[in-house]
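Shown next, in structure tokens, is the structure this report addresses.
Now the structure itself:
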């Protein structure tokens, strides 16, 4: 039986987000033209309007490969793609783009006139495309009844700019979807407790460096790992309240990279580098390279999504063949001399689907996502095809982890999962003892995440237009900060060079960026 074939462990499916929202989830109507209507508590229906007897609508779809192992054969031949096409009367032309160069590739494609009907992005002006995307209010009102019911109001608000819904958002179970992971078994081996301050965290990393917690009698431990382009290090910035890209400071909205606290953050990271507490390859680590280190019993602490806790432990258990190896999330330690909010940037969504103005049949795209926002659609996006990767046991689901991995189906999540996550299809899972153990990691991580977080000042604001012309100003991956931070950490310049960087950043367009951000923020909030 399928149940007997299941691997012990939970899969990447447990990363999926679900929303906890009371009352109506439909966006309320306003005089600004937002989608929505009368409040309702009705559940999304599992049926959509009868599709007209017409030829399938072609949809060109650009999407990141999310560093997943890609399935064999073209996307058009994947069974789950064919199933979605059948259910929604569509024909999908899916182009996968390498995750590490996704935004850069999109910019080049858009500039050359190679535009899709649909693409995914990770900010509201991803790849500078905000002027190219279609407002969705009327389409959602007409073709998206299930979307309106399945997506919480706060999540709709996060993609609404001046009354216009500009994207379909994924739904998160927690608004604080960034966490500091630590190897619990390593902590026990070195006799350490959970650190509560930035200094205590350094002591923990020193113990990981010096006390051979992986037990192989080699000094090969990497106390903390992060990735290229200064990514996946939010908890380090979050110790001083700077996990987000923008913050309010002295009545202005400024990039977090020029906030005075960033000087202390960089000094802290330089100390970690000098003491060999951070991965020496942190400027070059790709996602797969970092993951290989983590699953090879080399990394003691790192940053990743809160909602990935079960999946990380599943992968660690599978790789090291023992359940004693555990990754837990811990509260963000408090930075020295800092008294404000800690942790990740609070955001109700982390990924968006955009429809281009040039799309020939945008209503077909909305209808497709509307089906994904039904219970049947959410189960499909989460678990795949019945009889293939899952079977039903009454009204419960038995999910075949092994087959999902064997057939390289994780990419399904990047393509389809998110708008129906609030329906919580995971609640339907039958879990064995090991799966219950792993699921507990996610529950604990989610509960912890709700105890901290920094308000996102960008909620309801468009990404600054100036960044389309001057991408070097971007506070996350822009060249100005990247170069300055690397010089400081590697010791090419002193920490006081940060002051020079701030001055040059402002002179090279930063002041104009701050002016645009602050005016937009004040207009939105009636200041």
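In our numbering, the protein residues as written are 150 to 676. In this text, a Cβ means the ideal position worked out from N, Cα and C, and glycines have one as well. Quick caveat, the model's predicted, so the values are computed rather than measured.
I need the DSSP call for residue 328, collapsed to helix, strand or coil. Position 179 of the chain shown, counting from 1, holds the residue named residue 328. Strand.
Per DSSP, which residues does residue 374 bridge with? Please list them. The residue labelled residue 374 in the question sits at position 225 within the chain shown. According to DSSP, which records beta bridges pairwise, residue 374 is partnered with 451.
Could you give the C-beta distance for residue 519 and residue 295, rounded to a whole number, given that I count them as a contact under 8 angstroms? The residue given as residue 519 occupies position 370 in the chain shown. The residue given as residue 295 occupies position 146 in the chain shown. In this structure residue 519 touches residue 295 by the C-beta definition: roughly 5 angstroms separates them, less than 8 angstroms.
Judging by CA-CA distance, which residue of 220, 215, 203 is the nearest neighbour of residue 554? As a working mapping, residue 554 is identified with position 405 in the chain shown. That would be 220, whose Cα lies nearest to the Cα of residue 554.
Below 7 angstroms between beta carbons: does that hold for residue 308 and residue 300? The residue given as residue 308 occupies position 159 in the chain shown. The residue given as residue 300 occupies position 151 in the chain shown. No, these two residues do not count as a Cβ contact at 7 angstroms.
Helix, strand or coil for residue 674 per DSSP? As a working note, residue 674 is residue 525 in the chain shown. Reduced to three states, the DSSP call for residue 674 is coil.
According to the Cβ coordinates, are residue 206 and residue 510 closer than 7 angstroms? The residue you call residue 206 lines up with position 57 of the chain shown. The residue you call residue 510 lines up with position 361 of the chain shown. It is a contact, given that the beta carbons lie within the stated cut-off.
Does the distance from the CB of residue 331 to the CB of residue 468 come in under 7 angstroms? The count along the chain shown starts at 1 and reaches residue 331 at position 182. The count along the chain shown starts at 1 and reaches residue 468 at position 319. No; because the gap between Cβ atoms is not below 7 angstroms, this pair is not in contact.
If residue 605 sits next to residue 494, beta carbons under 8 angstroms apart, how far is it from one beta carbon to the other, in whole angstroms? Taking the chain shown and counting its residues from 1, the one referred to as residue 605 is at position 456. Taking the chain shown and counting its residues from 1, the one referred to as residue 494 is at position 345. The Cβ separation is near 5 angstroms, so the contact holds.
Is it the case that the Cβ atoms of residue 497 and residue 426 are separated by a distance below 7 angstroms? In the chain shown, counting from the first residue as 1, residue 497 sits at position 348. In the chain shown, counting from the first residue as 1, residue 426 sits at position 277. Taking 7 angstroms as the Cβ cut-off, residue 497 and residue 426 do not qualify as a contacting pair.
Which residue comes first and which comes last in the beta strand (DSSP E) that contains residue 269? For the purposes of this step, residue 269 is taken as the residue at position 120 of the chain shown. Note, residue 269: beta strand (DSSP E), 267–270.
Beta-carbon gap between residue 342 and residue 485 smaller than 7 angstroms: For the purposes of this step, residue 342 is taken as residue 193 along the chain shown, with counting starting at 1. For the purposes of this step, residue 485 is taken as residue 336 along the chain shown, with counting starting at 1. Between residue 342 and residue 485, the CB-CB gap reaches or exceeds 7 angstroms.
Taking all protein chains shown into account, do 16 or more other C-beta atoms lie within 10 angstroms of the C-beta of residue 263, making it buried, or fewer, making it exposed? Position 114 of the chain shown, counted from the start, is the residue given in the question as residue 263. Around the beta carbon of residue 263, fewer than 16 other beta carbons sit within 10 angstroms, so the residue counts as exposed.
Residue 459 burial status per 10 Å Cβ neighbour count (16 or more: buried): By 1-based counting over the chain shown, the position of residue 459 is 310. Buried, by the Cβ-count rule.
Give the straight-line distance between the Cα atoms of residue 418 and residue 237, rounded to the nearest whole angstrom. As a working note, residue 418 is residue 269 in the chain shown. As a working note, residue 237 is residue 88 in the chain shown. Distance between the alpha carbons of residue 418 and residue 237 is about 50 angstroms.
Quick test of the definition: if touching needs 3 or more C-beta pairs under 8 angstroms, does the region 621–635 touch the region 648–655? yes
Per DSSP, residue 504 is paired with what? Working through the chain shown from its first residue, we reach residue 504 at position 355. Looking at the DSSP assignment, residue 504 forms a beta bridge with 267.
Let me know if residue 675 comes out buried or exposed under the rule of 16 or more other beta-carbons within 10 Å of its beta-carbon. If you number the chain shown from 1, residue 675 lands on position 526. The residue in question, residue 675, is exposed, as its Cβ has fewer than 16 Cβ neighbours within 10 Å.
Any idea if residue 272 is buried or exposed, counting beta-carbon neighbours within 10 angstroms, 16 or more meaning buried? As a first step, residue 272 must be located in the chain shown, where it is residue number 123. That one is buried.
Residue 292, DSSP secondary structure in three states: Sequence index remark: in the chain shown, residue 292 carries index 143 (1-based). Helix, per DSSP.
Can you tell me the Cα-Cα spacing of residue 677 and residue 228, whole angstroms? One cannot answer for residue 677 here, as it falls past the ends of the chain, which runs 150 to 676.
Out of curiosity, what's the CA-to-CA distance linking residue 474 and residue 357? Position 325 of the chain shown, counted from the first residue, corresponds to residue 474. Position 208 of the chain shown, counted from the first residue, corresponds to residue 357. Spanning the two alpha carbons is a distance of roughly 15 angstroms.
Check the C-beta distance from residue 659 over to residue 504 and give it rounded, since I have them as a contact under 8 angstroms. The residue you call residue 659 lines up with position 510 of the chain shown. The residue you call residue 504 lines up with position 355 of the chain shown. So it is not a contact: roughly 32 angstroms between Cβ atoms.
Beta-carbon spacing of residue 310, residue 667 below 7 angstroms: Counting from one through the chain shown, the residue named residue 310 turns up at place 161. Counting from one through the chain shown, the residue named residue 667 turns up at place 518. In this structure, residue 667 does not lie closer than 7 angstroms to residue 310 by Cβ.
DSSP has residue 398 in a bridge; who is on the other side? Here the question's residue 398 lines up with position 249 in the chain shown. Answer by DSSP bridge pairing, in chain order: 401.
Taking the continuous alpha helix (DSSP H) assigned at residue 597, which residues delimit it? In the chain shown, counting from the first residue as 1, residue 597 sits at position 448. Segment 582–598, the alpha helix (DSSP H) holding residue 597.
Residue 701, buried or exposed, once every other Cβ within 10 Å from all chains shown has been counted against 16: Nothing about residue 701 can be reported from this structure: the residues present for the chain run from 150 to 676 only.
According to DSSP, simplified to helix, strand and coil, what is residue 566? What you label residue 566 is simply residue 417 of the chain shown in a count that begins at 1. It is coil, neither helix nor strand.
With burial defined as no fewer than 16 other Cβ atoms inside 10 Å of the residue's Cβ, what is the status of residue 345: buried or exposed? Along the chain shown, read from residue 1 onward, the residue named residue 345 stands at position 196. Its Cβ having fewer than 16 others within 10 Å, residue 345 is exposed.
Thinking just about the alpha-carbon of each residue, which of 388, 513, 316, 657 is nearest to the one in residue 489? The residue given as residue 489 occupies position 340 in the chain shown. Among 388, 513, 316, 657, the Cα nearest to that of residue 489 belongs to 388.
Cutoff 7 angstroms; reference residue 377; Cβ partners in own chain excluding five residues on either side: If you number the chain shown from 1, residue 377 lands on position 228. Taken in chain order, the residues that qualify are 432, 433, 434, 435.
Buried or exposed: residue 409, going by 16 or more other Cβ atoms within 10 Å of its Cβ? In the chain shown, the residue the question calls residue 409 occupies position 260. It counts as exposed.
Rounded to the nearest angstrom, how far is the Cβ of residue 508 from that of residue 266, given a contact under 8 angstroms? By one-based count along the chain shown, residue 508 stands at place 359. By one-based count along the chain shown, residue 266 stands at place 117. Indeed, because the Cβ distance is near 4 angstroms, the residues count as touching under 8 angstroms.
Residue(s) in a DSSP beta bridge with residue 313: Position 164 of the chain shown, counted from the start, is the residue given in the question as residue 313. Per DSSP, 310.
Identify the residues that DSSP records as bridge partners of residue 548: which are they? Numbered from 1 along the chain shown, position 399 holds the residue referred to as residue 548. Its beta-bridge partners are 539.
Within its chain, find whatever has a CB closer than 8 angstroms to the CB of residue 646; leave out the 5 residues flanking it on each side and keep chain order. Walking along the chain shown from the start, residue 646 turns up at place 497. Same-chain partners within the cutoff: 633, 636, 637.
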